[in-house]
């Protein structure tokens, strides 16, 4: 099947238009609804259009294409001329008779005819290098997409943790206020009240740490997107939740072998190594230089023709031919290593995803409700003097730990899903 690709200028123009369209859309959103909010798909698109490391990597494709031009060039013809025995030191001799009868002049043209299809082999080898370069840049895009998704999930986790910290602080502040009233009425001791009041510091500290984590996560994501692509006041959009991914390991591995650009680069490396071998053999062929001269010697005009061919007695490019044969074997081993790495990456990501699924199922099987119910019962009972302060604080800590663990489990599940996408090499899982 033949595939048609846009030229680089066309791709660049489309990228430019899409980038400005995205920015214009986000700006319109900002004017109408406050801070800009971007989805994960928006974040990935912005990174692919504005990340400076990726933009720098893409220039290697243009550099390689320029080397194709150089490889496909023919040798330049060589023009030479000379004029001898000119009477610079005897000015009286400057006359047409002396110039015609006593000086010598030569003019000639030579051209190197390459044998062994050298230019064709050079050009093909350069094209194979460009193909590998394109695949490596595509692999950079794959890696960048995963990094963006990871940072996006970090932002979601940080904001969810901040919401929990604020909710816990608000709830516990009510407990402190109620305990203050009970202390003033003599229902609890001053020591119990101080312990409750001191515990408030932990909730305030949790909120401050969550705010810092959110700011830093947004900053890290912005840097990955391209610092100028979003304003400092931007935020992320999307539900922070995880749903199990369906699919078989064998299907994921088969898809990965078809789509992973690093594996494709390894396959293209074998093709490129063969091209280098053919080029080395072509370079072992001796080129022919053809030269034509016109000479004027002592009033005699003459023409000369020369053909020169190096005698391939010693140097027939044997060393480079042998080296490229070993390079083919090397590239074949690298291809097999890349194949194994793809299968391993997919299996590791798949097993990680299965583990994340099981952990989330444990939380959702009733532990969240139990932790909340235990906290509510302990709070109700403590307010009526049925349980001790330590029991109430322990139930509060258990609830917070369970909620934090659940949020981290969601983030782990989302991250495991992104790792599987990276391992397969596509956002669309089979």
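Numbering (our numbering), first residue to last: 242 to 671. All C-beta atoms, glycine included, are put in the ideal place defined by N, C-alpha and C. The structure displayed is predicted, hence computed values, not measured ones.
As computed with DSSP, residue 345 is found in a beta bridge with 325 and 538. Approximately 28 angstroms separates the beta-carbon atoms of residue 565 and residue 549; this is outside 8 angstroms, ruling out the contact.
In the structure shown, residue 617 falls within a helical segment according to DSSP collapsed to helix, strand and coil. DSSP places residue 409 in the uninterrupted alpha helix (DSSP H) bounded by 359-425. In chain order, 260, 466, 467, 469 and 470 place their CB closer than 8 angstroms to the CB of residue 291, counting only its own chain and leaving out the 5 sequence neighbours on each side. Looking only at 295, 411, 457 and 359, the smallest Cα-Cα distance to residue 315 is reached by 359. Between the C-alpha atoms of residue 668 and residue 462 there is a straight-line separation of about 19 angstroms. Per DSSP, residue 567 is one residue of the alpha helix (DSSP H) stretching across 559-603.
Assigned with DSSP and collapsed to three states, residue 635 falls in helix.
Here residue 400 is buried: its Cβ has 16 or more other Cβ atoms, across all protein chains shown, within 10 Å. With 16 or more other CB atoms across the displayed protein chains lying within 10 angstroms of its CB, residue 520 is buried. According to DSSP, residue 530 shares a beta bridge with 353 and 549. As the crow flies, the alpha-carbon of residue 552 is around 15 angstroms from that of residue 355.
By alpha-carbon distance to residue 483, the top candidate from 305, 656 and 286 is 656.
If you draw a straight line from the Cα of residue 341 to the Cα of residue 347, it comes to about 13 angstroms.
In this structure, the straight-line span from the alpha carbon of residue 377 to that of residue 312 is close to 21 angstroms. A check of alpha carbon separations from residue 600 across 652, 581 and 479 identifies 652 as the nearest.
Counting the other CB atoms within 10 Å of its CB gives residue 522 a total of 16 or more, which places it among the buried residues.
With fewer than 16 other CB atoms across the displayed protein chains lying within 10 angstroms of its CB, residue 559 is exposed. A Cβ-Cβ distance of about 11 angstroms is found for the pair residue 287 and residue 295, leaving them out of contact under the 8 angstroms criterion. Three or more beta-carbon pairs drawn from the region 511-518 and the region 364-378 are found closer than 8 angstroms, and the two stretches are therefore classed as touching. Beyond the five residues adjoining it in sequence on each side, residue 281 comes within less than 7 angstroms, by CB distance, of 390, 393 and 479 in the same chain, given in chain order.
Inter-residue distance for residue 322 and residue 554 is about 32 angstroms (C-alpha atoms, whole angstroms). Scanning its chain for C-beta atoms nearer than 7 angstroms, with the 5 sequence neighbours on each side dropped, one finds around residue 382 the residues 289 and 295, in chain order. DSSP places residue 496 in the helix class (H, G or I) of the three-state scheme.
Counting the other Cβ atoms within 10 Å of the Cβ of residue 473 gives fewer than 16, which makes it exposed.
Note on geometry: alpha-carbon atoms of residue 647 and residue 425 lie some 38 angstroms from one another. Residue burial is scored here from C-beta neighbours: residue 332 has fewer than 16 other C-beta atoms within 10 angstroms and is therefore classed as exposed. Just measuring C-alpha positions, the residue of 561, 441 and 444 sitting nearest residue 526 is 561. Relative to residue 649, the option among 434, 597, 387 and 590 whose CA is nearest is 597. Note on geometry: alpha-carbon atoms of residue 494 and residue 580 lie some 10 angstroms from one another.
Residue 627 has its alpha-carbon roughly 18 angstroms from the corresponding atom of residue 432.
Remark: C-beta atoms of residue 666 and residue 563 do not approach each other more closely than 9 angstroms. Residue 437 carries a helical assignment under DSSP once its states are collapsed to helix, strand and coil. Here the C-alpha atom of residue 659 lies approximately 9 angstroms from the C-alpha atom of residue 388. By the neighbour-count criterion, in which a residue is buried when 16 or more other Cβ atoms sit within 10 angstroms of its Cβ, residue 501 is buried.
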